[in-house]
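Undergrad: Chains as they are written, first to last, in the working numbering: chain C, 1 to 238; chain G, 1001 to 1238. Take a look at the following structure, please.
Number of protein chains: 2
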Amino acid sequence: MFSGNGRSGVADAEILAGDLQLDEIEKPAERAYQGIRHAILSGALPGGSHLPEEALAQMTGTSRTPVREALRRLVAEGLARADNRHRYVADFSYQELKIVFNIRARLESYASRIAAELITEAEIAELERIVEQIDKIGDTDDPAQVRLFADLNTRFHTTIVGATRSIQMQSLSAQAISLPLELIKQFVWEQRVNIARSNNQHRDIVAALRARDPEWAEAAMSGHILSTRPRRKAMSLS
Amino acid sequence: MFSGNGRSGVADAEILAGDLQLDEIEKPAERAYQGIRHAILSGALPGGSHLPEEALAQMTGTSRTPVREALRRLVAEGLARADNRHRYVADFSYQELKIVFNIRARLESYASRIAAELITEAEIAELERIVEQIDKIGDTDDPAQVRLFADLNTRFHTTIVGATRSIQMQSLSAQAISLPLELIKQFVWEQRVNIARSNNQHRDIVAALRARDPEWAEAAMSGHILSTRPRRKAMSLS
DNA sequence: CGAGCGACGTTTGTACACAAATATCGCAGT
DNA sequence: ACTGCGATATTTGTGTACAAACGTCGCTCG
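In structure tokens, the structure reads:
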């Protein structure tokens, strides 16, 4: 995913050894997409790696057709890039990462502003349930718990973005979030991000939404996301 | 493109009668993508229209394979949506349109802030050339001139976004811009948007970039985009 | 020994054939 | 007459075959 890791091609299905149960996904199209995406986000395919269709088809156990469609999606989502002939894993610099986080802060804070007026009681209740579940996790280094936090965190944010009822907002946010949210898992491990603090911020956001206060909601979300930005010092990014 | 226009299916190549020279595009993949996209943006395929692959293949003079890939891109870009089985033209409400413009204002103003520090002399000169050419147009209703303005306007904005050197910024902006910028052409016709005023704002933005003033650039771009927002009263949107 | 040209291998692009899924229409039975 | 079941038609999903483009390696000629 990052520069300077050296280059490697596609090896075989072994690189999917992570936590993704690929063999349980029936439809080839979804298998191909999830498989390639996971390989990129997990770092199995480093930034700059060439993405040959045939090798990816073998890797995901499908044929080239679903792989081609998956690659189109990944390019559109910014996780892969294409030149005239080939496709490669996108290469994120630290500068790029910083920009994506700032964009995400702006997008989601605007989403929170809209959500403050449109969110339903049921959605607020859902947010409160999520906050409660995260509370039970507390600060930890246990990978399974951290993964659980990441999933709940994702649900928290997508619930709010969904409350805007805007397809475009959901689409753009998903694109801006997909990378950082996956990376957060690594930051938590390497940098011991404070889960408890993060959840206190979640509580503030829910309070703002419950109060139907657009400005507060916007500011709270902005602060929340900016507080989770990776810092250069703590990381070994180029 | 909008709700309430009634529903229609794909007719034949006639609906491409617009200004797009589809037959000059050699590669089927590009033909399919441009053709379908143009049909959507021009309104030939109203919002909610079903998008059957075979009919689109005939319409664009290709086969289903390039059409499928084009549809994947269009869904990823938000111009089409998909349910379990079919794909349809996206349906934009006035509310959705408003949100997209506000997102665009936030994205591009942030882009301008970054660009103020990274833009090169050559790019500033390019922006000045564009402003000059728009000056020569002035206020007009002539469709050809309005189209020329739209193209120059697009180049102005993509040059600034490109100056951020961020792939993600360019990708997200392109998605947020693709719809509104096409719609602007219609607003200019129907609402007589002030081209001269718009270009004065362009001049301000260039001045801010030349001064390397991030805050000014950000504010100027924000004001510029918000001033071109469609207003409900002037339109017959749902 | 170096440069240029040509053949080959690799990768992507396109089309098509077949399979699977789903909605619709009609028919029959109650 | 209404409901439920089944056949059929339409549409999408997948795999594969073939064609085209591009890069590379090696050979030959200067």
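Idealized CB from N, CA, C, for every residue including glycine. No experiment lies behind these values; they were computed from the predicted model shown.
Taking a contact to mean a Cβ-Cβ separation below 7 angstroms, would you say G:ALA1076 touches C:ALA76 in this structure?
TA: yes
Undergrad: Using 7 angstroms as the limit for Cβ to Cβ distance, is C:ILE99 near chain G?
TA: yes
Undergrad: In the DSSP assignment, find the alpha helix (DSSP H) that holds C:ALA245 and state where it starts and stops.
TA: Since the first residue shown for chain C is 1 and the last is 238, residue 245 of chain C is missing from the structure and cannot be characterised.
Undergrad: If contact means a Cβ-Cβ distance below 8 angstroms, which residues of the stretch 68-91 of chain C contact chain G?
TA: ARG68, GLU69, ARG72, ARG73, ALA76, GLU77, GLY78, ARG81, ALA90
Undergrad: In or out: C:SER109 buried (at least 16 other Cβ within 10 Å) or exposed?
TA: buried
Undergrad: Mind checking the stretch 1103-1124 of chain G against chain C and listing, in chain order, the residues whose C-beta falls within less than 8 angstroms of any C-beta there?
TA: ILE1103, ARG1106, LEU1107, TYR1110, ILE1114
Undergrad: For G:ILE1099 and C:MET169, I'd like the C-alpha separation in whole angstroms.
TA: 8 angstroms
Undergrad: What span of residues does the alpha helix (DSSP H) with C:ARG155 cover, start to end?
TA: 143-162
Undergrad: Return the Cβ separation of G:TYR1094 and G:SER1049 in integer angstroms, given the expectation that the two are a contact with Cβ distance under 8 angstroms.
TA: With a Cβ gap of about 19 angstroms, G:TYR1094 and G:SER1049 do not count as contacting.
Undergrad: Report the neighbours of C:ILE134 on chain G: residues whose CB is nearer than 7 angstroms to its CB, in chain order.
TA: Per Cβ cutoff of 7 angstroms: no residues; C:ILE134 is ~28 angstroms from chain G at best.
Undergrad: C:ALA176 and C:ARG104 look like a contact to me (Cβ under 8 angstroms); what is the Cβ gap, rounded to whole Å?
TA: 5 angstroms
Undergrad: Have a look at C:PHE156, C:ALA111, C:SER227, C:ARG106 and flag the residue whose alpha-carbon is nearest the alpha-carbon of C:ARG129.
TA: C:PHE156
Undergrad: Counting only Cβ-Cβ distances shorter than 8 angstroms, please list the residues of the stretch 1146-1171 of chain G near chain C, keeping chain order.
TA: THR1164, ARG1165, SER1166, ILE1167, GLN1168, MET1169, SER1171
Undergrad: For a contact defined as C-beta to C-beta under 8 angstroms, what are the partners of G:ALA1176 on chain C?
TA: GLN168, LEU172
Undergrad: From the beta carbon of G:SER1003, is the nearest beta carbon of chain C less than 7 angstroms away?
TA: Residue placement at G:SER1003 is poorly supported in this model, since its pLDDT is 39, which falls under 50; the coordinates still yield a value, given next. By this cut-off, G:SER1003 is not an interface position.
Undergrad: Quick test of the definition: if touching needs 3 or more C-beta pairs under 8 angstroms, does the stretch 51-69 of chain C touch the stretch 1065-1072 of chain G?
TA: yes
Undergrad: For C:ALA207 and C:LEU148, what's the separation of their Cα atoms in angstroms?
TA: 23 angstroms
Undergrad: Using 7 angstroms as the threshold, is the C-beta distance between G:ALA1090 and G:LEU1079 below it?
TA: yes
Undergrad: Give me whichever residues DSSP pairs with C:VAL131 in a beta bridge.
TA: Partner(s): none; C:VAL131 has no beta bridge.
Undergrad: Can the beta-carbon of G:GLU1126 be found closer than 7 angstroms to that of G:THR1158?
TA: no
Undergrad: The stretch 25-42 of chain C: which residues have C-beta closer than 8 angstroms to a C-beta of chain G, in chain order?
TA: none
Undergrad: Would the beta-carbon of C:THR164 fall within 7 angstroms of that of C:ILE124?
TA: no
Undergrad: So G:GLU1096 contacts chain C; which residues on that side make the cut at Cβ distance below 9 angstroms?
TA: Within 9 angstroms Cβ-Cβ: ARG165, SER166, ILE167, GLN168, MET169.
Undergrad: Please report the residue range of the alpha helix (DSSP H) in which C:ARG229 lies.
TA: Neither: C:ARG229 is in no alpha helix (DSSP H) and is coded neither H nor E.
Undergrad: Alpha helix (DSSP H) containing C:ARG64: first to last residue?
TA: 64-77
Undergrad: From which residue to which residue does the beta strand (DSSP E) around G:VAL1206 run?
TA: Going by DSSP, G:VAL1206 is part of no beta strand (DSSP E) but of the alpha helix (DSSP H) stretching over 1195-1210.
Undergrad: Can you tell me whether C:HIS279 is helix, strand or coil according to DSSP?
TA: The structure shown has nothing for residue 279 of chain C, since chain C only spans 1 to 238.
Undergrad: Can you give me the Cβ contacts of G:THR1060 inside the same chain, cut-off strictly under 6 angstroms, excluding the 5 residues immediately before and after it?
TA: ARG1031, ALA1032, GLY1035
Undergrad: Which residues mark the beginning and the end of the beta strand (DSSP E) in which G:ARG1085 is found?
TA: Taken as a continuous stretch (DSSP letters only), G:ARG1085 belongs to no beta strand (DSSP E), as it is neither H nor E.
Undergrad: Give the straight-line distance between the Cα atoms of C:GLY4 and G:ILE1167, rounded to the nearest whole angstrom.
TA: Confidence at C:GLY4 is low in this model, with a pLDDT of 37, below 50, so the placement of that residue is unreliable and no value is reported for it.
Undergrad: Just checking G:SER1109 against the ligand FAD - is the residue's beta carbon closer than 6 angstroms to any of the ligand's heavy atoms?
TA: Ligands in the displayed structure: none, and consequently the ligand FAD is not present.
Undergrad: Got a sec? Which residues, its chain only, sit under 7 angstroms from C:HIS86 by beta carbon, not counting five neighbours each side?
TA: HIS50
Undergrad: Relative to the C-alpha of C:LEU209, which candidate in C:MET221, C:ILE137, C:ALA57 has its C-alpha closest?
TA: C:MET221
Undergrad: Exposed or buried, what is C:GLY138 when buried is set at 16 or more other beta-carbons lying within 10 Å of its beta-carbon?
TA: exposed
Undergrad: Work out the CA separation of C:GLU121 and C:ILE15 for me, nearest whole Å.
TA: At C:ILE15, the pLDDT of 31 sits below 50, so the modelled position is not reliable; the number obtained from the coordinates is stated separately. Cα to Cα, the separation comes out at about 43 angstroms.
Undergrad: With 16 as the cutoff for other CB atoms within 10 Å, does C:ALA57 come out buried or exposed?
TA: buried
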